[in-house]
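Since the structure comes first, as structure tokens, the remarks are kept for the end.
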Amino acid sequence: MRTETPPTVRLEDYRPSDHLIDRVELDVRLDPHDTRVSATLALRPNPAGRAHAPLVLDGDDLTLLGLELDGQALAPDTFRADASSLTLHAGPQRPFTLRIETRLDPTANTRLMGLYRSNGVYCTQCEADGFRRITYFLDRPDVLSVYTTRIEAERAAAPVLLGNGNPVEAGAVAGTDRHYAVWHDPLPKPAYLFALVGGRLDRVAKGFTTMEGRAVEIAVYVEPGKDDRAAYALDAVERSMAWDERAFGRAYDLDVFNVVAVSDFNMGAMENKGLNIFNDKFVLASPDTATDTDYAAIEAIIAHEYFHNWSGNRVTCRDWFQLCLKEGLTVFRDQEFSSDMRSRAVHRIAEVRNLRARQFPEDAGPLAHPVRPKRYAEINNFYTATVYEKGAEIVRMLRTLIGETAFRAGMDRYFADNDGTAATVEDFLKAFEAVTGRDLARFAEWYERPGTPRVAVSGSYDAAAKTYRLAFRQTRPGAGADAPPLVIPIRLGLVGTDGPLIDAASGRVEDGVFVLDSAEDTLIFENVAAEPVPSLFRGFSAPVRVESALDAAARLTLLRHDPDSFNRWEAAQRVALGLMTAQVRGDAPEEAGADDFVAALGVFLDGEALRDPAFAAQILALPSEGDVADEIGTEIDPDAIASARRDLRRRLGAGLRARLLTLREELAEPAGTPFSPDASAAGRRALRNAALDLIAAADAETGTALAQAQIAAATNMTDRLAGLAALALLPGEAREAALTAFAERYADEPLVLDKWFAIQAMIPEDGTVARIRRLQGHPAFAMTNPNRVRSLVGSFSLANPTQFNRADGAGYALVAETVLALDGTNPQVAARLMTAFGPWRRLEPGRRAQAESALRRIVATQGLSRDVADIGTRSLA
Ligand code: PHE
Ligand code: ZN
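Heads up: the sequence shown at position 852 corresponds to 852 in UniProt numbering, and the numbers run straight through without jumps.
Now the structure itself:
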């Protein structure tokens with residue numbers, strides 16, 4: 001723990017390592033409190049580094065037991081070792097071998113970085129800089145080594161021993177109750193991709209033959225007795241392997257691919273070479289315990305980690321400023337995979353909802369940073385929605401700009417040119433410049449500056465000339481006048497008010513895309529027979545805010561007739577947003593507007609609900625309170641927003657009641673239908689549950705009855721939880737009884753109890769803070785488990801805007817206390833929890849003052865971790 005201002009790392013200060021490590025031999029003797037690690041490192045001076053530089057190895061919380069150079073113990077005056085570094089004053093100017101012995105206590109490791117135990121299972125987490133908690137090392141992503149790992153443990157405690165790469169050898173340690181396994185990873189990798197696992201685990205497996213003819217054994221390891229919940233993840237690995245061959249020509253490169261699920265994990269999952277380690281929430285699934293959303297997340301995250309094998313592992317990052325090089329690209333790849341497995345339009349909607357919910361607010365608040373940051377104090381705080389999700393949008397825009405064929409050729413080129421190296425964003429763009437002959441220097445500006453750009457668009461029709469003009473203007477909040485304009489691909493078309501498509505041309509729209517690359521520009525369409533409605537940014541072709549003066553009638557035309565599904569959804573969202581913001585701002589009552597909206601949704605449901613239920617469910621799901629806050633932008637009053645949203649849901653529920661009730665009947669699965677997590681069955685459930693939500697919003701009595709009946713009849717977690725979520729919004733006995741019954745039924749299921757914690761944390765009522773304090777004392781709650789903390793306190797801070805932002809500050813106090821309580825044991829999770837305060841400056845003055853004083857209370861605390869201090873300093877800056 002340190003309190004002084006942490007040193008800042010700057011991109012412009014990058015220089016290559018003075019030394020390289022070609023080979024690493026690790027011998028890890030696992031023990032609950034006294035694990036011994038012997039590391040033999042084959043080092044040499046880096047020709048690209050400084051000559052005669054001292055050798056400085058990174059360490060974190062290490063105890064050094066022994067040190068030898070080329071087999072000789074080192075004289076004490078030739079080196080210096082402390083908990084955070086090991087320095088050889090004069091590193092030899094020739095290749096040499098260093099043997100380092102360290103001692104660790106994996107049981108005491110509550111930070112879940114380095115080697116730790118989760119429910120008794122030994123596991124590791126090394127990204128970004130956890131390897132230095134195992135041994136002294138050049139813990140930076142541009143030092144690539146070939147690893148051989150021998151793992152030894154008591155056989156009864158850890159019958160399964162896994163490492164990176166391929167298994168080489170295993171056996172008993174003679175005369176003891178211990179055994180060992182040796183793993184060899186032939187592909188050079190940075191230390192952050194190192195992993196090992198030792199424990200009692202069940203295994204499910206299947207074979208896969210790659211397009212190159214390699215026989216691969218895929219295995220998923222889970223806690224004993226949970227192997228029946230691993231089948232979906234196993235299947236998702238297989239589909240991911242096949243897809244990456246088909247979509248990107250990328251084959252797997254080892255003989256085994258292992259996935260291990262652990263219950264204590266700071267993030268979602270980790271792409272360690274050949275040995276992915278997962279938060280078990282993103283592996284374990286059964287119809288009775290996992291929702292459709294869980295199944296979709298498992299599929300996406302399994303794919304994400306698998307795809308890192310190429311975008312991240314075979315080609316890694318030169319330094320942590322390049323994090324988006326692997327994360328943005330890999331998110332783009334997993335989004336494409338999910339789109340191919342499911343409905344592309346519906347998936348795109350989900351992606352954009354997520355971007356707007358998490359990335360837009362981040363980019364508009366004090367924690368905003370470029371997709372490629374220029375400096376950091378704590379790298380763990382930069383695994384953000386901006387790096388991941390906006391990073392993926394940049395890759396998507398690149399594909400839109402150059403077209404699918406050139407994009408694929410550029411990806412092939414990128415992998416070919418950079419395989420086995422640690423690359424930069426420049427290397428990535430260079431590959432696309434090489435295959436297209438285009439200069440992407442201006443496009444690269446997307447990586448450099450924070451903030452969500454705005455594009456204002458206005459259209460005008462000239463009936464006499466039969467021309468339609470679209471004028472565009474881009475601005476960037478916070479960017480100076482000198483900031484060059486961005487290159488913005490705008491996918492667009494014109495839609496006729498009475499239905500038929502307008503087939504008008506403009507020479508500057510190619511394959512449906514217009515590229516706005518100056519501050520202002522105007523498009524002219526010729527031969528336009530009647531005034532059209534413009535459909536702009538189809539498929540959300542760029543991560544911007546669009547300002548256009550289209551009225552609700554024009555938007556409802558798009559909802560009806562736009563051939564682009566995303567923009568149909570967007571049109572409905574914009575109308576709903578307009579109605580809610582008008583109410584919040586106290587503008588002219590929009591009675592008529594709301595009626596038109598209800599009528600348009602009615603027509604939509606009659607025509608299309610049963611044809612594409614998943615899409616219809618998205619149309620019915622109104623913008624969130626966060627979306628409304630984001631639209632309003634300043635002086636936010638969460639209570640006013642919540643009441644506007646409640647009113648609109650009530651109107652929809654009342655106005656569409658008969659249709660929604662019928663739909664629920666029509667969508668019900670006939671009794672005895674076996675559960676399927678596939679997109680079409682999930683879509684039917686989603687629409688049925690969206691209908692329940694609206695019906696209950698308008699009529700508590702009917703809502704209660706329907707929800708109770710649904711819970712009683714549920715054959716899967718999606719329906720059971722949706723029933724419970726509907727009841728949770730209806731105060732009273734029925735709710736409390738249902739919550740109690742749920743907790744009893746799932747008393748031994750931590751991942752299901754997380755849902756139960758979360759549902760209660762999200763109740764938008766005054767009693768919720770007290771309820772959460774009570775739940776923090778529940779026997780199933782544990783501050784040591786990140787999933788528990790996130791489900792109870794994270795859901796509260798991120799998904800309960802009225803209660804987190806209580807006017808009396810009690811919500812902020814609860815979260816601040818939790819951040820401080822957690823900081824001593826797990827700073828990474830504490831810091832992430834604290835980011836919920838990000839939007840504080842945009843609140844109305846009373847809440848702003850409360851939030852600020854909670855933040856200041858945290859920052860004033862002695863002995864804060866670097867993680868929390870960094871978020872605090874930046875939040876208040
Ligand atoms: N690299 C992981 C991913 O796939 C995320 C991660 C980062 C996990 C740091 C653990 C620690 O996105
Ligand atoms: Zn990733």
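Even glycine gets a Cβ: it sits at the ideal position worked out from N, Cα and C.
TODO: Answer with buried or exposed for L65, where buried requires no fewer than 16 other C-beta atoms within 10 angstroms of its C-beta.
DONE: exposed
Task: Test item: CB-CB of E327 and V425 under 9 Å - done: no
Open item on the list: Helix, strand or coil for E4? Go by DSSP, reduced to three states.
Closed with: Model confidence at E4 stands at a pLDDT of 49, short of 50, so the residue's coordinates are unreliable and nothing is read from them.
Task: Reduced DSSP category for H19 - H, G, I as helix; E, B as strand; rest coil - done: strand
TODO: Entirely within the stretch 517–589 and at least 4 residues each: give me those alpha helix (DSSP H) ranges in chain order.
DONE: 552–561 and 565–585
TODO: Examine the ligand ZN and report whether any of its heavy atoms sits within less than 8 Å of the Cβ of T316.
DONE: no
- [ ] Reducing DSSP to helix, strand and coil, say where W446 ends up.
- [x] helix
Open item on the list: On the criterion of 16 or more Cβ atoms from any shown chain inside 10 Å, does Q862 qualify as buried, or is it exposed?
Closed with: exposed
- [ ] Can you grab the Cα-Cα spacing for the pair G268 / N279, in whole Å?
- [x] 5 Å
Open item on the list: the ligand NAD and T330: does any heavy atom of the ligand fall closer than 8 Å to the residue's C-beta?
Closed with: The model depicted lacks the ligand NAD and carries the ligand PHE and the ligand ZN instead.
- [ ] Helix, strand or coil for W183, going by three-state DSSP, please let me know.
- [x] strand
Task: Integer-rounded CB distance, given that L667 should sit under 8 Å from R688 - done: 4 Å
- [ ] Assuming A816 contacts D823 (C-beta within less than 8 Å), just tell me the rounded distance between them.
- [x] Not quite, the Cβ-Cβ distance comes to about 11 Å (not below 8 Å), so this is no contact.
Task: P779, buried or exposed, once every other Cβ within 10 Å from all chains shown has been counted against 16 - done: exposed
- [ ] Give the secondary structure of C324 by DSSP, where H, G and I count as helix, E and B as strand, and everything else as coil.
- [x] helix
Open item on the list: Just to confirm my understanding: we take F597, look at its own chain, exclude 5 residues before and 5 after, and list those with CB closer than 6 Å. What are they?
Closed with: V575
Open item on the list: DSSP has V256 in a bridge; who is on the other side?
Closed with: E217
- [ ] Check each candidate in Q803, S145 and Y746 and name the one with the smallest Cα separation from I165.
- [x] One detail in the question is off: residue 165 reads as Gly in this sequence, not Ile. The candidate whose alpha carbon is nearest that of G165 is S145.
Open item on the list: Give me, in chain order, the residues of the same chain whose beta-carbon lies closer than 6 Å to that of G655; leave out the 5 immediate sequence neighbours on both sides.
Closed with: V598
Open item on the list: At a threshold of 8 Å, does G672 count as lining the ligand ZN (C-beta to nearest heavy atom)?
Closed with: no
Task: Distance cut-off 8 Å: E299 Cβ against heavy atoms of the ligand ZN - done: no
- [ ] Answer yes if the stretch 166–183 comes into contact with the stretch 44–62, meaning at least three C-beta pairs across the two stretches below 8 Å, and no otherwise.
- [x] no
Task: Segment limits, beta strand (DSSP E) that includes Q474 - done: T467 to T475
Task: Heavy atom of the ligand ZN within 8 Å of K189 beta-carbon - done: no
Task: Pairwise C-alpha distance: T40 and T3 - done: Legend: pLDDT at T3 = 44, less than 50; position of this residue unreliable, value from coordinates given subsequently. Near 35 Å, if we compare the C-alpha coordinates of T40 and T3.
Open item on the list: Under 8 Å: do the stretch 133–150 and the stretch 185–196 share three or more Cβ pairs, one atom per stretch?
Closed with: yes
Open item on the list: Tell me whether the stretch 712–719 and the stretch 248–259 touch, counting them as touching only if at least three CB pairs, one residue from each stretch, are closer than 8 Å.
Closed with: no
TODO: Measure the C-alpha to C-alpha separation of V256 and P638 and round it to an integer number of angstroms.
DONE: 51 Å
Task: Three-state class that DSSP yields for K273 in the structure shown - done: coil
TODO: Could you tell me the boundaries of the alpha helix (DSSP H) in which Y295 lies?
DONE: D292 to F307
Task: Whole-angstrom distance between H308 and R848, CA atom to CA atom - done: 41 Å
Task: When D564, A552 and E570 are compared against A582, the one with the closest alpha-carbon - done: A552
Task: Supposed contact pair V262 and C324 - C-beta distance, whole angstroms, cut 8 Å - done: About 27 Å; that fails the 8 Å criterion.
TODO: Identify whether N166 lies in helix, strand or coil by the three-state DSSP scheme.
DONE: strand
TODO: Look up V859 in the DSSP assignment and say whether it is helix, strand or coil.
DONE: helix
Open item on the list: I'd like to confirm something about Y306: is its beta-carbon nearer than 8 Å to some heavy atom of the ligand PHE, or not?
Closed with: no
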